[in-house]
Each structure stands twice: as structure tokens, then as C-alpha cells.
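According to our numbering, the sequence shown is numbered sequentially starting from -15. Read through the structure below, which is laid out as C-alpha cells, and then see the notes.
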Amino acid sequence: MCRVSIIVPVYNVEKYVGKCLHSLVNQTLKDIEIIIVNDGSTDNSQVIIDDYVKNYGNKLVSLNKKNGGLSDARNFGLKHAKGEYVGFIDSDDWVELNMYEKLYNHCQETNADIIISDFIFEPDNSIIHANLKNGVEINLKSNPELLLIEPSVCNKLFKRSLFYENNIEFPYGLFHEDRLAVSKLYYHAEKIYYVKEAFYHYLKHRENSITTSVNMKKYNDIIILLNEVDQFFIEKDISPYIRQSLDTLFLNLYIAFCTRAISEIPDKKKRNVFLDDFGKFIESKVNQPLGVDKYKEKKILKILLILLMNRKYTLINILIKVRKLIRG
-15 MCRVSIIVPV
-5 YNVEKYVGKC
5 LHSLVNQTLK
15 DIEIIIVNDG
25 STDNSQVIID
35 DYVKNYGNKL
45 VSLNKKNGGL
55 SDARNFGLKH
65 AKGEYVGFID
75 SDDWVELNMY
85 EKLYNHCQET
95 NADIIISDFI
105 FEPDNSIIHA
115 NLKNGVEINL
125 KSNPELLLIE
135 PSVCNKLFKR
145 SLFYENNIEF
155 PYGLFHEDRL
165 AVSKLYYHAE
175 KIYYVKEAFY
185 HYLKHRENSI
195 TTSVNMKKYN
205 DIIILLNEVD
215 QFFIEKDISP
225 YIRQSLDTLF
235 LNLYIAFCTR
245 AISEIPDKKK
255 RNVFLDDFGK
265 FIESKVNQPL
275 GVDKYKEKKI
285 LKILLILLMN
295 RKYTLINILI
305 KVRKLIRG
């Protein structure tokens, strides 16, 4: 068993994967394994991977599989992981060279099940902090606001046993897969710590990336995922303890996805079906959605929420365009 396994799904990222792998093979933590899962790439990604394997073969495990998507590649990598802890990195991103040494040392000092750190958003080099107490032991039941921070697995380190002892996998064939997997991991973790340091460089707005491309599945899947999150916590009988955070999470994502859909989706019929479906989900899950305290001092969000709940989509579109004009 090594200390840390890092899983790197790769799909058609020949322009980026070299920088990603360079940041991993030069980690100050030496006892690591880097598991590269080529998920059926059709470009020269494997050529670059082979070059790194040639030079750093003692650290790298190169795997190939048919294309199955990000979740499938991560699950495939997990089956081969041997580390005490496991981390994930997307192959168009990169990390600070001391990331895994620092996170692993924190895990050893605290016996943490999960360590959370911060993001550096690129190319603007802005740091995104999690709204958590630094260096204090927490868990989901005592700190349900965990559900409200960025759900990505990439800025975190997990005890590998959390996955295999609780049969946790990333949901196959769905976007936003991190949200469901992380919710389950939070539930099973006894000790979670936040380290207020930024190590992970997240590349925003990459051309043709999954997170920036517009398609209806990306929108429709968020409703499916949130319903599965809700059902999981109901089945575990923890829902009453975290209900307020769940309601806030649902409303945050309702506002974010619906306003984005109104400005991005050109097909009005498909757009309105999504908006109506998300509205019905909110009405079925959130008790008194217009009474959530979070929006008392955020007037624009309160206005958007009221308009969305009353299906005033055309008016919202006008407001979005006016705001864009004002901002230049």
C-alpha cells in the first residue's frame, strides 16, 4: 500500500495533459501512484502519456478503456488504486507541487477521513475559499453547510476505505457526478477537516470542455442528481438534521441553472420544459421556498426566485439582458 493514489481520467486533452502530469510526477510526496485512465481518447493523449510512463514509470500506472465518461473512468481507476488515501485531478487542470504532501500530512496528524482545500481558478488566478472553519474537526450532521461548498472531488483527499467499505461509486452516465458521490462520502466520514490553502488550479472555460458546453442533458441531469441526493439522506434518516442546508442547496442551484438556461438554451420549448420540471421539483422538495432566510438580504436573488416560481421566464430574460448591458 502506498500513501496516496491519484486518479487522472483522460479524454482528448493532448493540449493539456502534459502540464497536468508534470505537476503530478514532481510532487514532493514521493510515495504516490498516479493512475492514468485513458477513456478512449482519439487524439494524441496516449502518446504524451506513454512518454511520461517511459520517464516516470515507477510512479505511473497507465490504463486504457473504451469511452464511458468521467464517472466510468474514475470508477475504473478506483478499482486499481492501492493508496491509503485517494485524490482526483481532471486532466486539463494542474496542482501545486506540494499539494499531496501537505494534505497527506494533515490526514496523518488528524486521522481525517476527508481533507478539503481551496481552488485557484485559472486563467484569472483567483482563489476560491470554502466557507468552513480552518483546522477544526467537523462532520455532516454537526456541520450541514458542507453541502453548500463546491462539491468537486478534485480539491480533496479521501480515505480510500470510504469508497470500498460503503460501495460508493460515481453515478454512471450523469453530469454533476461529484455532487452525489461527495454527499455520500460526507455522510460516511466521521472526521472532516478544511485546510485554508489553495493547491488545485482549475482551468475554466476551456473550449469544448464538458463544463462549458451547452446541452440539455447537462441541465436535466441536475434535477436527477438532486433527487438522488435527497432520497439518499431520507433513506439514511439524516434529512431532518440537514434539511435547511438541503433546501438552500436546492434553491441555489435552481436559481443558478434556470437563469443560465434562460440565457443559454436557444430552443424555447426545451428550455421551458426544463424550467417547469425544475420548478416542480423545488415545489415538491422545499418547504416554503419563498421564505428561506438566505435571500432576505440578497434582493436580486429573491426577485429571481419569485419570478422563477411564478414562471415569469420572459421577464427574467429581459432582466438578464439589462444587467449585461449595465455591466458592459
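For each residue, glycine too, the CB sits at the ideal point set by N, CA and C.
How far does the beta strand (DSSP E) with Gly71 in it extend, from its first residue to its last?
Start and end: 69 to 72.
Residues in its own chain within less than 6 Å of Val(-8) by CB, not counting five upstream and five downstream?
The answer, listed in chain order, is Ile20, Ile73, Ser75.
Please state the DSSP three-state secondary structure of Phe142.
Of the three classes helix, strand and coil, the one that applies to Phe142 here is strand, per DSSP.
Give me the DSSP bridge partner(s) of Ala182.
Bridge partners of Ala182: Asp102.
At the level of alpha carbons, what is the spacing between Asp15 and Arg255?
Going from the Cα of Asp15 to the Cα of Arg255 covers about 49 Å.
What first and last residue would you give for the alpha helix (DSSP H) that runs through Ser55?
Counting along the chain, the alpha helix (DSSP H) containing Ser55 begins and ends at 54 to 64.
What ranges does the beta strand (DSSP E) occupy inside the region 266 to 307, keeping only unbroken runs of at least 3 residues that lie completely in it?
Entirely contained in the region 266 to 307, not one beta strand (DSSP E) run reaches 3 residues.
With Lys86 as the anchor, note down where its alpha helix (DSSP H) starts and where it stops.
That run of the alpha helix (DSSP H) goes 83 to 94.
If you draw a straight line from the alpha carbon of Ile194 to that of Asp162, how long is it in whole angstroms?
Low confidence applies here, because Ile194 scores a pLDDT of 44, under 50, leaving its location unreliable and the question unanswered by this model.
Do Tyr177 and Gly119 have their C-beta atoms within less than 8 Å of each other?
For Tyr177 and Gly119, yes; Cβs fall inside 8 Å.
I'd like the span of the beta strand (DSSP E) that includes Lys202, first residue to last.
Note, Lys202: premise wrong, no beta strand (DSSP E); alpha helix (DSSP H) at 200 to 219.
Roughly how many angstroms lie between the CA atoms of Asn211 and Tyr156, to the nearest whole one?
The alpha-carbon atoms of Asn211 and Tyr156 are separated by roughly 16 Å.
Is Leu124 helix, strand or coil when you go by DSSP?
Reduced to three states, the DSSP call for Leu124 is coil.
What does the Cβ neighbour count give for Arg58, buried or exposed, with the cut at 16 atoms within 10 Å?
Arg58 comes out buried.
Quick check on His185: buried or exposed, where buried means 16 or more other Cβ atoms within 10 Å of its Cβ?
Its Cβ being crowded by 16 or more others within 10 Å, His185 is buried.
Look up Asp34 in the DSSP assignment and give the residues it is bridged to.
According to DSSP, Asp34 bridges with nothing at all.
Figure out for me which residue from Arg307, Lys305, Met(-15), Ile302 has the closest Cα to the Cα of Lys143.
Minimum Cα distance to Lys143 is reached at Met(-15).
Looking at Ser247 and Ile304, is the spacing between their C-beta atoms short of 8 Å?
Contact: yes.
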